[in-house]
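Visitor:
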Amino acid sequence: MKLAFITPRYGGEIASGAEHACRLIAEQLSLKHDVEVLTTAARDRRTWKNEYGEGADRIRGVLVRRFAVNQPHDVNAFRQHSDRILAAPRSRAEEMEWVRRLGPSAPGLVEHLKRQHHSYDALVFFSLIHWTTVHGMAVAPERSILFPCLRLSPVLRFALWRDVASSARAIGLISGAERKLLRGYLGVPAFREELVGVGVDPSHRQAYPRHQQDPADEPAADDETAMRADDAMDLEDDRADRGIPFRRRHRLYGPIVLYGGRIEPDNGCEEMLEYFDTYASADGDTALVLMGVKMMKVPEEPYLRQAGMLPDRERMVAYEAADVTIAPGADDPLALCVLESFAVGTPVLASARNDAAAEHCRRAGAGLYYGNREEFVEALKALMTRSKLREQLGDAGRQYVRQYYRWDAVLGRFERLVMLIRNRL
């Protein structure tokens, strides 16, 4: 089976968002099928500047064809334009102009599809709102699978999206939260969709026990001093063995809370830093480690550590080293960091506004979620001081990933979408 994946950006250094999901699925499918990726030469979504070379290359065994972007992107100018467009009723031409300004505009990619679409069994488009999907999918909608990667946004009110999504032969979804948006805003029939998800490699599990066994009897609720002393011993016992390479590399010797993803306001990082500062003022021995590309100013605090962008395997070791992972963003339809944390037995503290992350925490019984500063502090305090709670949540997370997000299960669901196309052509 020959498949083409079409995505705005593609690269091993892109470790979040729709492009990350696209890469992970494409790499797994390439082990069994003939997979190509059609993408742009852009690396930075803020500018769409052509930083990669045009032409064909191989990345982790996948053939990648890159096409030049012919229009630069100005984030501030685009946001001002969006505000104007959203403030009043819009014509179809105005909605298409919004897509053009968002980009990335790559006419060469569309020309390639016009010439070659018959050579692919399916065209798999990632991210509904981008130029590459709106114009690329129009070439051969009968061969197209759309992964819309929806997130709650005022632009979902555009009438354009209903038409684009309805033209696809099949719809692939990453999370149940995304399904609610698809049906609520776009009205796509359920028989054409599949909740595919993204797989997580369970091979990163520890060879040693993740948690030390707590005493059979919990301390009395009113004996706060005894509870803190016992839990402090538990923390030291099981922390000594977890994620040793990551802890040594970054000189981390105490409790760790981890954030993984782009470090930017849109991901809820400003609020997370404010909330954590409140927590740290009372529990100052915990480090907040930021893992990802920094796209905002980060305050200089003794409890803040920056790990930067890490390769896939090192990223999993970081999740393994952490006591808790935070998923703060309200604008994350994929929540891959949650599944990666679950896979290595690390519980998650998620924003209740992060629908996909909170949904995973509820379904798995593997995390807590918060709606304000006070809830954040209390939930994090409970997770950091109660090792038995972390153990229970961590075990539930591993089981959840094994049951629903093994790669064989994910790829089986993906291949059912392809059959919807092959049975109709």
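Just so we're aligned, residue 14 is where the sequence shown starts under the working numbering, counting upward by one.
All C-beta atoms, glycine included, are put in the ideal place defined by N, C-alpha and C.
Just to confirm my understanding: we take residue 422, look at its own chain, exclude 5 residues before and 5 after, and list those with CB closer than 6 Å. What are they?
Guide: none
Visitor: Give me the DSSP bridge partner(s) of residue 79.
Guide: 52 and 68
Visitor: What are the partner residues of residue 19, as DSSP defines its beta bridges?
Guide: Paired residues: 51 and 138.
Visitor: For residue 124 and residue 289, I'd like the C-alpha separation in whole angstroms.
Guide: 49 Å
Visitor: Helix, strand or coil for residue 63, going by three-state DSSP, please let me know.
Guide: strand
Visitor: Is the beta carbon of residue 407 sitting closer than 8 Å to the one on residue 338?
Guide: Contact check for residue 407 against residue 338 fails: the beta carbons are separated by 8 Å or more.
Visitor: Pull up the distance between the alpha-carbon of residue 366 and that of residue 281, whole angstroms please.
Guide: 10 Å
Visitor: Express the C-alpha separation of residue 323 and residue 332 in angstroms, rounding to a whole number.
Guide: 11 Å
Visitor: Please state the DSSP three-state secondary structure of residue 359.
Guide: Here residue 359 sits in coil by DSSP.
Visitor: With DSSP as the reference, please indicate the residues paired to residue 338 in a beta bridge.
Guide: 271 and 361
Visitor: Please go through the same chain and pick out, in chain order, the residues whose beta-carbon is closer than 6 Å to the beta-carbon of residue 354, but skip the five residues on each side of it.
Guide: 332, 338 and 361
Visitor: Quickly, what does DSSP pair residue 302 with across the bridge? List them, please.
Guide: 271 and 318
Visitor: Where does residue 310 sit, in a helix, a strand or coil, going by DSSP?
Guide: coil
Visitor: Would DSSP call residue 185 helix, strand or coil?
Guide: strand
Visitor: Do residue 17 and residue 137 have their beta-carbon atoms positioned less than 8 Å apart in this structure?
Guide: yes
Visitor: Tell me where the alpha helix (DSSP H) around residue 98 begins and ends.
Guide: 88 to 99
Visitor: To the nearest whole angstrom, what separates the beta carbons of residue 300 and residue 265, a pair I think is in contact under 8 Å?
Guide: 6 Å
Visitor: Using C-beta distances below 6 Å, list every residue in its chain close to residue 143, excluding the 5 sequence neighbours before and after it, in chain order.
Guide: 21
Visitor: Just to confirm, does residue 83 get its C-beta within under 7 Å of one of the non-hydrogen atoms of the ligand GDP?
Guide: As far as ligands go, the structure on display features none, and thus does not contain the ligand GDP.
Visitor: Using a Cβ distance threshold of 8 Å, determine whether the stretch 48 to 66 contacts the stretch 77 to 84, with at least three qualifying pairs required.
Guide: yes
Visitor: Report yes if the CB atom of residue 86 is closer than 8 Å to the CB atom of residue 59, and no otherwise.
Guide: Yes, they are a contact pair.
Visitor: What residue from 197, 327 and 149 has the CA that sits closest to residue 260's CA?
Guide: Checked all of 197, 327 and 149; the closest Cα to residue 260 is 327.
Visitor: Near residue 115, what residues of its chain come up, given a Cβ to Cβ distance below 7 Å and the 5 sequence neighbours on each side ignored?
Guide: 91, 142, 143 and 144
Visitor: Looking at residue 185: is its Cβ nearer than 8 Å to the Cβ of residue 207?
Guide: yes
Visitor: In angstroms, rounded to a whole number, what distance separates the CA positions of residue 98 and residue 107?
Guide: 8 Å
Visitor: Measuring straight from C-alpha to C-alpha, what distance separates residue 69 and residue 386?
Guide: 48 Å
Visitor: Taking the alpha carbon of residue 342 as the point to measure from, which residue in 370, 173, 176 and 156 has its own alpha carbon closest?
Guide: Distances from the alpha-carbon of residue 342 to those of 370, 173, 176 and 156 put 370 closest.
Visitor: Assuming residue 211 and residue 38 are in contact, meaning their beta carbons sit under 8 Å apart, how far apart are those beta carbons, in whole angstroms?
Guide: 6 Å
Visitor: Any contact between the stretch 375 to 385 and the stretch 304 to 324? By contact I mean 3 or more CB pairs, one from each, below 8 Å.
Guide: no
Visitor: Along the chain, where does the beta strand (DSSP E) containing residue 160 start, and where does it finish?
Guide: 157 to 160
Visitor: Give me the Cα-Cα distance between residue 392 and residue 19, rounded to the nearest whole angstrom.
Guide: 40 Å
Visitor: Around the C-beta of residue 88, are 16 or more other C-beta atoms found within 10 angstroms, so that it is buried, or is it exposed?
Guide: Exposed: under 16 other Cβ atoms inside 10 Å.
Visitor: Looking only at its chain, what residues have a beta carbon closer than 8 Å to the beta carbon of residue 263, apart from the 5 residues adjacent to it on each side?
Guide: 302, 318 and 320
Visitor: Quick check: the Cα distance between residue 256 and residue 279, rounded to an integer number of angstroms?
Guide: Taking the straight line joining both Cα atoms gives about 29 Å.
Visitor: In the DSSP assignment, find the alpha helix (DSSP H) that holds residue 286 and state where it starts and stops.
Guide: Here the alpha helix (DSSP H) through residue 286 covers 282 to 295.
Visitor: Return the chain-ordered list of same chain residues with a C-beta closer than 8 Å to the C-beta of residue 195, the five sequence neighbours on each side being excluded.
Guide: Within the same chain, residue 195 has close Cβ partners 161, 163, 178, 184, 186, 201 and 206.
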